[in-house]
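Engineer: First the structure, then my questions, so here it is.
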Amino acid sequence: MLMGRILFAVWVLLLPLAASATSEVYPFDTAADQERFRTLISELRCPKCQNQNIADSNAPIAKDMRDEVYRMLRQGATNQQVTDALVGRFGEFVLYKPGFDERTALLWATPLIAVLGGVLVVIGIVIRGRRRDPSESSLSDAERRRAEQLLEDRDDGA
Amino acid sequence: MMRRVLLFIPVVLAVALGIVLFAGIGKDPTHLESALIGKPVPVFELADLQDPDTIHRDDIFVGEVSLLNVWGTWCPACRDEHDDLVWLARDEGVRIVGLNYKDNRDLALEWLDSLGNPYALSLYDPQGRLGFDLGVYGAPETYVIDAEGVVRFRHVGVVTPQVWQQTLQPLVERYGKGG
Amino acid sequence: MYPELGQFSLILALLLAILLATVPLVGAISGRDHLQAFARPLASGLFVFVAIAFGLLTQAFVTDDFSVAYVANNSNSLLPWYYKFSAVWGGHEGSLLLWILMLAGWTLAVAVFSRRLPSVMIAQVLAVMGMVTVGFLLFILITSNPFERLLPNVPADGADLNPLLQDFGLIVHPPMLYMGYVGFSVAFAFAIAALINGRLDAAWARWSRPWTTVAWSFLTVGIALGSWWAYYELGWGGWWFWDPVENASLLPWLAGTALVHSLAVTEKRGVFKSWTVLLAIVTFALSLLGTFLVRSGVLTSVHAFASDPTRGAFLLGLLAITIVSSLTLYAFRAPVVHTRTRYGSLSREIFLLLNNVLLVAATLLVLVGTLYPLVLDYLGAGRLSIGEPFYNLTFSPLAIAVGLMLGAGIFSRWKRTDGGWLGRRLLWPAAFSLVLSCAGLLVYGGFTPWAFAGLLAAAWVTVTTLLDLWDKSGSRHGRWHGLKRQSRSYYGMVLGHLGVAMTMAGATVVSNYGVERDVRMSPGDSAEIGNLQVTFSELGQRQGANFVAQYGRFDISRDGRLIATLYPEKRQYHVQRNVMTEAGIDAGLTRDIFVALGERVGDDAWAVRIQYKPLIRWLWLGALFMAGGGALAIADRRYRIKVRSEQPATGDSRSRGQDEGVAEAL
Numbered sequence: 002m003l004m005g006r007i008l009f010a011v012w013v014l015l016l017p018l019a020a021s022a023t024s025e026v027y028p029f030d031t032a033a034d035q036e037r038f039r040t041l042i043s044e045l046r047c048p049k050c051q052n053q054n055i056a057d058s059n060a061p062i063a064k065d066m067r068d069e070v071y072r073m074l075r076q077g078a079t080n081q082q083v084t085d086a087l088v089g090r091f092g093e094f095v096l097y098k099p100g101f102d103e104r105t106a107l108l109w110a111t112p113l114i115a116v117l118g119g120v121l122v123v124i125g126i127v128i129r130g131r132r133r134d135p136s137e138s139s140l141s142d143a144e145r146r147r148a149e150q151l152l153e154d155r156d157d158g159a
Numbered sequence: 074m075m076r077r078v079l080l081f082i083p084v085v086l087a088v089a090l091g092i093v094l095f096a097g098i099g100k101d102p103t104h105l106e107s108a109l110i111g112k113p114v115p116v117f118e119l120a121d122l123q124d125p126d127t128i129h130r131d132d133i134f135v136g137e138v139s140l141l142n143v144w145g146t147w148c149p150a151c152r153d154e155h156d157d158l159v160w161l162a163r164d165e166g167v168r169i170v171g172l173n174y175k176d177n178r179d180l181a182l183e184w185l186d187s188l189g190n191p192y193a194l195s196l197y198d199p200q201g202r203l204g205f206d207l208g209v210y211g212a213p214e215t216y217v218i219d220a221e222g223v224v225r226f227r228h229v230g231v232v233t234p235q236v237w238q239q240t241l242q243p244l245v246e247r248y249g250k251g252g
Numbered sequence: 007m008y009p010e011l012g013q014f015s016l017i018l019a020l021l022l023a024i025l026l027a028t029v030p031l032v033g034a035i036s037g038r039d040h041l042q043a044f045a046r047p048l049a050s051g052l053f054v055f056v057a058i059a060f061g062l063l064t065q066a067f068v069t070d071d072f073s074v075a076y077v078a079n080n081s082n083s084l085l086p087w088y089y090k091f092s093a094v095w096g097g098h099e100g101s102l103l104l105w106i107l108m109l110a111g112w113t114l115a116v117a118v119f120s121r122r123l124p125s126v127m128i129a130q131v132l133a134v135m136g137m138v139t140v141g142f143l144l145f146i147l148i149t150s151n152p153f154e155r156l157l158p159n160v161p162a163d164g165a166d167l168n169p170l171l172q173d174f175g176l177i178v179h180p181p182m183l184y185m186g187y188v189g190f191s192v193a194f195a196f197a198i199a200a201l202i203n204g205r206l207d208a209a210w211a212r213w214s215r216p217w218t219t220v221a222w223s224f225l226t227v228g229i230a231l232g233s234w235w236a237y238y239e240l241g242w243g244g245w246w247f248w249d250p251v252e253n254a255s256l257l258p259w260l261a262g263t264a265l266v267h268s269l270a271v272t273e274k275r276g277v278f279k280s281w282t283v284l285l286a287i288v289t290f291a292l293s294l295l296g297t298f299l300v301r302s303g304v305l306t307s308v309h310a311f312a313s314d315p316t317r318g319a320f321l322l323g324l325l326a327i328t329i330v331s332s333l334t335l336y337a338f339r340a341p342v343v344h345t346r347t348r349y350g351s352l353s354r355e356i357f358l359l360l361n362n363v364l365l366v367a368a369t370l371l372v373l374v375g376t377l378y379p380l381v382l383d384y385l386g387a388g389r390l391s392i393g394e395p396f397y398n399l400t401f402s403p404l405a406i407a408v409g410l411m412l413g414a415g416i417f418s419r420w421k422r423t424d425g426g427w428l429g430r431r432l433l434w435p436a437a438f439s440l441v442l443s444c445a446g447l448l449v450y451g452g453f454t455p456w457a458f459a460g461l462l463a464a465a466w467v468t469v470t471t472l473l474d475l476w477d478k479s480g481s482r483h484g485r486w487h488g489l490k491r492q493s494r495s496y497y498g499m500v501l502g503h504l505g506v507a508m509t510m511a512g513a514t515v516v517s518n519y520g521v522e523r524d525v526r527m528s529p530g531d532s533a534e535i536g537n538l539q540v541t542f543s544e545l546g547q548r549q550g551a552n553f554v555a556q557y558g559r560f561d562i563s564r565d566g567r568l569i570a571t572l573y574p575e576k577r578q579y580h581v582q583r584n585v586m587t588e589a590g591i592d593a594g595l596t597r598d599i600f601v602a603l604g605e606r607v608g609d610d611a612w613a614v615r616i617q618y619k620p621l622i623r624w625l626w627l628g629a630l631f632m633a634g635g636g637a638l639a640i641a642d643r644r645y646r647i648k649v650r651s652e653q654p655a656t657g658d659s660r661s662r663g664q665d666e667g668v669a670e671a672l
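Residue numbers (our numbering), protein chains in the order written: chain A, 2 to 159; chain B, 74 to 252; chain C, 7 to 672.
Right under this line is the structure:
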């Protein structure tokens, strides 16, 4: 009975505080750190889930990982230290952006190779087209007449 | 003629891709190899499950090849493998260290009392600190740890007699001799 | 009884498909008209029997026939009636049947709408589609029979449809997506037919172009619906996660976009034929690859079907036969002789080719990114993940480059564009876009290189597209007359390109200026997000048809004025017992407010995710514009009037292509 009353008093005391102070689930002192935390947890993969980052996943392991990232950031760890620590435990699998090394070189180079290769082919086509037909003529009279006729045909049908 | 050869590039690429895809069929894409293979067991200090006053450190793995089994009473698959673990410890003489992971001591003791205790030694890890350092992502998990305390293999999922014979036993024997 | 009839009609459909794949082809090769004439009736019969099977499966769902294993696994007597209809395609077997129904539907559509085509061509095209259908009917009958019975132990009730799928999204998303995937089979069939008889000409391009555009439009809508569905249903407020299954739908879309543009060049100018035909094959191959990735279990994804190695192997075999044989045919039959080409370095042909280069590079990037982990695993080089941060770095520049190229290319002419003229032409749009994008940066507050580049590309596409419309619609009879004179396909292009700009603007703004907070709240608490105040005013419970939900009432206000009340929920479904998050969303043209209940963190405290998402609707609106553009383009008169040059087209395609090129150039 007494216990209940004390609890009630404590509850009433806390009430206005609770109503005003909405805290982040993972509070930081600076907005920059908050942002860093958000970015980090969105770029780490939950090892247990199908394919989710640890920010979005409700799995217990994702929560453990968020807690660990939070703990390390609060202790002043750099992003590199945080990812290294998690890779050390769960493997490179947890990084959504794999680092650049000899295994992933081809992956990172793909867009560059594809665009450069494609542009080279197009340049080749242009150069070949020029060589073949150096004096590109404008439309001949016959062509112009035929084109006009085509355009007229279209208008007739409208 | 040269140009005609170029037109075969797409079909060659498609075949190569097909081979890789074929190799991927039937593999479990959720299976992950432990990041700790070849590395020593993480440093830890954990109380004994049965005796809260006894503190165990990572040196418990030195001297003998062990299996480290991660389990909890909340994990239905752990129940499935329990009888086989008891059989392994009793009949095959394997040293199994238990890691009671994110669990309640009373529930865990009750479980071992009623189902039998296969563990030479039981670590109690209610917060999951060692589990996290080991990279445990789903119980049950079973690690093969050699006589120097180095992690050699991780099996995720239930240990069955088949898993033992085909996967774990050869490893235990290999590192048992080597160490 | 009925389920057996369903299976029986699938078997009949298989027989008809086999006939369709062979008889007209024999007719086409031997030149026997009466055999070719079988193609159309066979296509109709095929559709009828697949439709009967589909109808009978639907009937089993509606009548709760749990003796059918597929129904028992994917439905429940408590399931609301409208979800019983969509539950038909809620699992692997039924969605495969939907796939086949669509395939049969497209085949029928080709048979009905291509009466003007030479009968040899029709026979070949329908035969190719018949072959694809044979493959998929075999697949469903051998490995994934949706009519399999659970006899004699009929379960009392079903295991229920996955709660994630009990949503409007399931009703509309898969049919649209499959219409797109399967629709590319028509372009594929036309390409194969053209390769077989060696008539890769402008007529071929003209015939397959509207089909490709329709399929592309469906796929665009399907992908947009999927993104929208994931956004509101999966509970984390993301609209694209670069998940393998999402990538699987993006791959044929990117290749299909390249194909739509390259078909334009081939139709108008009769060039790049080998390239266009390769794209037609590759686009359909990527559709098939997507189907394989979703159903084989080789990759982990949030959206994948339950996997089964037998099905994976069968499907891969099917893919291998289809793709390897068609690419081999391509390698032997594609023309290598260059048509005598006449185009300058700044011609519209070259701009469209560069657009193709960028789109194909993007396709390759997504393909490599999706399959790289698989390849490394195969080589024993470890497991790694490739996700959003990777694509943000690599895909975004390509998308921006596509936008910049598009704007510049709009003013280019076929054959040749004067460089100085083009430069002067682009000067003012460039300046104006720069001003627009800077204005955008000011409105949303804050410069980041990505936001600037994305907004610039979006503004550039909009300004150049509208300026081009302004130029073209100039007429001495007044602006209205000039606007009316433009063809529908031109308006289709304008609409499509404006859609691209909208999607780009939406993606850029929401990813750079979206605000997200994870806060701990109890009833009575308030949180600020931007200039909005979010108050958790009440926690309650409600009873759904087949679930109980805990909901929070959140009042959103600005400057003390209430602007919305949201009710995010945590639902527990009775049968499958899993907890689903239903977000509360206040949707708007300029912004969404998104509130989702996370886990419980205290006695009555919850982790609440509050998000402010500016311009997110533009993403999907832009996709609707693109699809609308496709629909307008195929409504163009030139696809409906009888093709005048039908007979000479096969013999003298090049000159015809050039006639049109001339017409366009003027």
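Cβ atoms here follow ideal geometry from the backbone N, Cα and C, with glycine treated the same way.
Mind checking which residues open and close the alpha helix (DSSP H) that includes H40 (chain C)?
Structural biologist: For the purposes of this step, residue 40 (chain C) is taken as the residue at position 34 of the third sequence. It spans 39-42 - the alpha helix (DSSP H) in which H40 (chain C) sits, taken as one unbroken run.
Engineer: Can you find a C-beta in chain B that's less than 8 Å from the C-beta of Y8 (chain C)?
Structural biologist: Within the third sequence, the letter at position 2 stands for residue 8 (chain C). No, because no Cβ of chain B sits closer than 8 Å to the Cβ of Y8 (chain C).
Engineer: Under 8 Å, Cβ to Cβ, is there at least one residue of chain A near K648 (chain C)?
Structural biologist: Position 642 of the third sequence holds residue 648 (chain C). Its pLDDT being 48, under 50, K648 (chain C) is placed unreliably by the model, and nothing is read from it.
Engineer: Jot down the residue ranges of each uninterrupted alpha helix (DSSP H) in the region 199-286 of chain C, minimum 4 residues, whole runs only, in chain order.
Structural biologist: 208-239, 250-275
Engineer: For C47 (chain A), I'd like the list of residues in its chain whose CB is within less than 6 Å of its CB, leaving aside the five on either flank, ordered along the chain.
Structural biologist: Here residue 47 (chain A) is taken as the residue at index 46 of the first sequence, counted from 1. Correct list, in chain order: Q53, I55, S58, A60, A63.
Engineer: Do Y187 (chain C) and T297 (chain C) have their C-beta atoms closer together than 8 Å?
Structural biologist: For the purposes of this step, residue 187 (chain C) is taken as residue 181 along the third sequence, with counting starting at 1. For the purposes of this step, residue 297 (chain C) is taken as residue 291 along the third sequence, with counting starting at 1. Contact flag set, yes.
Engineer: Using the C-alpha atoms, what's the distance from T113 (chain C) back to W135 (chain C)?
Structural biologist: Indexing the third sequence from 1 puts residue 135 (chain C) at position 129. Indexing the third sequence from 1 puts residue 113 (chain C) at position 107. It should be pointed out that residue 135 (chain C) corresponds to Met in this sequence rather than to Trp. Approximately 6 Å between the Cα atoms of the pair.
Engineer: So what's Y174 (chain B) in DSSP terms, helix, strand or just coil?
Structural biologist: One-based indexing of the second sequence puts residue 174 (chain B) at position 101. Strand at Y174 (chain B).
Engineer: According to DSSP, simplified to helix, strand and coil, what is W612 (chain C)?
Structural biologist: Position 606 of the third sequence, counting from 1, holds the residue named residue 612 (chain C). Three-state result, W612 (chain C): strand.
Engineer: Which of the three DSSP states is assigned to V607 (chain C) in this structure?
Structural biologist: Working through the third sequence from its first residue, we reach residue 607 (chain C) at position 601. Three-state DSSP puts V607 (chain C) in coil, outside helix and strand.
Engineer: For G635 (chain C), which of C:A221, C:F196, C:F453 has the nearest alpha-carbon?
Structural biologist: Translated into positions along the third sequence, residue 635 (chain C) becomes position 629. Of the candidates C:A221, C:F196, C:F453, the one whose C-alpha sits nearest the C-alpha of G635 (chain C) is C:A221.
Engineer: Note down, in chain order, each residue of its chain lying with its Cβ closer than 8 Å to the Cβ of D642 (chain C), except the 5 sequence neighbours on either side.
Structural biologist: Position 636 of the third sequence, counted from the first residue, corresponds to residue 642 (chain C). The answer, listed in chain order, is S493, R494, S495, G498.
Engineer: For my contact list, A59 (chain C) and L103 (chain C) are in at a C-beta cut-off of 8 Å; report their separation, rounded to the angstrom.
Structural biologist: Stepping through the third sequence from its first residue, residue 59 (chain C) is reached at position 53. Stepping through the third sequence from its first residue, residue 103 (chain C) is reached at position 97. Yes, they are in contact, since the Cβ atoms of A59 (chain C) and L103 (chain C) sit about 7 Å apart, within 8 Å.
Engineer: Listing by chain order, which chain A residues have their CB less than 9 Å from the CB of L360 (chain C)?
Structural biologist: Position 354 of the third sequence, counted from the start, is the residue given in the question as residue 360 (chain C). Correct list: G119, V120, V123.
Engineer: Which whole-angstrom value describes the C-beta separation of G222 (chain B) and V135 (chain B), a residue pair presumed to lie in contact below a C-beta threshold of 8 Å?
Structural biologist: Stepping through the second sequence from its first residue, residue 222 (chain B) is reached at position 149. Stepping through the second sequence from its first residue, residue 135 (chain B) is reached at position 62. G222 (chain B) to V135 (chain B), Cβ: 5 Å. Contact.
Engineer: Suppose contacts are defined by Cβ-Cβ distances below 8 Å. Is F190 (chain C) in contact with P258 (chain C) by that definition?
Structural biologist: Taking the third sequence and counting its residues from 1, the one referred to as residue 190 (chain C) is at position 184. Taking the third sequence and counting its residues from 1, the one referred to as residue 258 (chain C) is at position 252. Their beta carbons are under 8 Å apart, which means F190 (chain C) touches P258 (chain C) by this criterion.
Engineer: Considering Cα atoms alone, identify which of B:Q123, B:A108, B:D124, B:I128 is closest to F117 (chain B).
Structural biologist: Sequence index remark: in the second sequence, residue 117 (chain B) carries index 44 (1-based). Closest by alpha carbon: B:I128.
Engineer: From this set, C:L638, C:L595, C:G590, C:A637, which residue's C-alpha is nearest I616 (chain C)'s C-alpha?
Structural biologist: Within the third sequence, the letter at position 610 stands for residue 616 (chain C). Out of C:L638, C:L595, C:G590, C:A637, C:G590 has the C-alpha closest to the C-alpha of I616 (chain C).
Engineer: Beta carbons nearer than 8 Å to chain B: which residues of the region 312-332 of chain C have them?
Structural biologist: P315, G318, A319, L322, L325, A326, I329, V330
Engineer: Are the beta-carbon atoms belonging to A200 (chain C) and L80 (chain B) less than 8 Å from one another?
Structural biologist: Here residue 200 (chain C) refers to the residue found at position 194 of the third sequence. Here residue 80 (chain B) refers to the residue found at position 7 of the second sequence. Against a cut-off of 8 Å, the Cβ pair of L80 (chain B) and A200 (chain C) comes out as no contact.
Engineer: From the beta carbon of R130 (chain B), is the nearest beta carbon of chain C less than 8 Å away?
Structural biologist: In the second sequence, counting from the first residue as 1, residue 130 (chain B) sits at position 57. Taking Cβ atoms only, chain C never reaches closer than 8 Å to R130 (chain B), which makes this a no.
Engineer: Out of C:R482, C:T596, C:V363, point me to the one whose CA is closest to G119 (chain A)'s CA.
Structural biologist: Counting from one through the first sequence, the residue named residue 119 (chain A) turns up at place 118. Of C:R482, C:T596, C:V363, the residue nearest in Cα terms is C:V363.
Engineer: In chain B, what lies closer than 7 Å to V127 (chain A) by C-beta?
Structural biologist: As a position in the first sequence, residue 127 (chain A) is number 126, starting the count at 1. None at all; the shortest Cβ gap to chain B is about 18 Å.
Engineer: Should T233 (chain B) go down as buried or exposed, given a rule of 16 or more other Cβ atoms within 10 Å for buried?
Structural biologist: Looking up residue 233 (chain B) in the second sequence gives position 160. Of the other Cβ atoms in all chains shown, fewer than 16 fall within 10 Å of the Cβ of T233 (chain B); this residue is therefore exposed.
Engineer: How big is the Cα-Cα spacing for G228 (chain C) and W626 (chain C)?
Structural biologist: By 1-based counting over the third sequence, the position of residue 228 (chain C) is 222. By 1-based counting over the third sequence, the position of residue 626 (chain C) is 620. Roughly 10 Å between the two C-alpha positions.
Engineer: For P751 (chain C), count the other beta carbons within 10 Å of its own beta carbon; 16 or more makes it buried, fewer makes it exposed. Which is it?
Structural biologist: One cannot answer for residue 751 (chain C) here, as it falls past the ends of chain C, which runs 7 to 672.
Engineer: If G208 (chain B) and L172 (chain B) are in contact, beta carbons under 8 Å, what's the gap, nearest whole angstrom?
Structural biologist: As a first step, residue 208 (chain B) must be located in the second sequence, where it is residue number 135. As a first step, residue 172 (chain B) must be located in the second sequence, where it is residue number 99. About 13 Å; that fails the 8 Å criterion.
Engineer: Are V74 (chain C) and F153 (chain C) touching if we call contact CB-CB under 8 Å?
Structural biologist: Here the question's residue 74 (chain C) lines up with position 68 in the third sequence. Here the question's residue 153 (chain C) lines up with position 147 in the third sequence. Yes, the Cβ-Cβ distance between V74 (chain C) and F153 (chain C) is below 8 Å.
Engineer: Counting only beta-carbon separations shorter than 8 Å, does W147 (chain B) have a partner in chain A?
Structural biologist: As a working mapping, residue 147 (chain B) is identified with position 74 in the second sequence. Not an interface residue.
Engineer: Starting from the beta carbon of A261 (chain C), find every residue of chain A whose beta carbon is closer than 9 Å, and list them in chain order.
Structural biologist: Reading the third sequence from its first residue, position 255 is the one you call residue 261 (chain C). Correct list: empty, because the minimum Cβ distance to chain A is about 13 Å.
Engineer: Spatial neighbours of F29 (chain A) within its chain, please: CB distance less than 6 Å, with the 5 preceding and 5 following residues excluded, ordered by chain position.
Structural biologist: As a working mapping, residue 29 (chain A) is identified with position 28 in the first sequence. Result list for F29 (chain A): Q35, in chain order.
Engineer: Closest by CA to F247 (chain C), which one among C:S351, C:Y397, C:L325, C:G303?
Structural biologist: Counting from one through the third sequence, the residue named residue 247 (chain C) turns up at place 241. Per the Cα distances, C:Y397.
Engineer: Kindly give me the distance between the Cβ atoms of I562 (chain C) and D592 (chain C), rounded to whole angstroms, as I take these residues to be in contact under 8 Å.
Structural biologist: Working through the third sequence from its first residue, we reach residue 562 (chain C) at position 556. Working through the third sequence from its first residue, we reach residue 592 (chain C) at position 586. Their Cβ separation, rounded to whole angstroms, is 6 Å, which keeps I562 (chain C) and D592 (chain C) in contact under 8 Å.
Engineer: Report back the beta-carbon spacing between S24 (chain A) and V525 (chain C) to the nearest angstrom; my notes put them in contact at under 8 Å.
Structural biologist: Translated into positions along the first sequence, residue 24 (chain A) becomes position 23. Translated into positions along the third sequence, residue 525 (chain C) becomes position 519. At roughly 7 Å, the Cβ-Cβ gap stays under 8 Å, so S24 (chain A) and V525 (chain C) are in contact.
Engineer: For a quick check, are the C-beta atoms of I98 (chain B) and G318 (chain C) less than 8 Å apart?
Structural biologist: Taking the second sequence and counting its residues from 1, one reaches residue 98 (chain B) at position 25. Taking the third sequence and counting its residues from 1, one reaches residue 318 (chain C) at position 312. Contact: yes.
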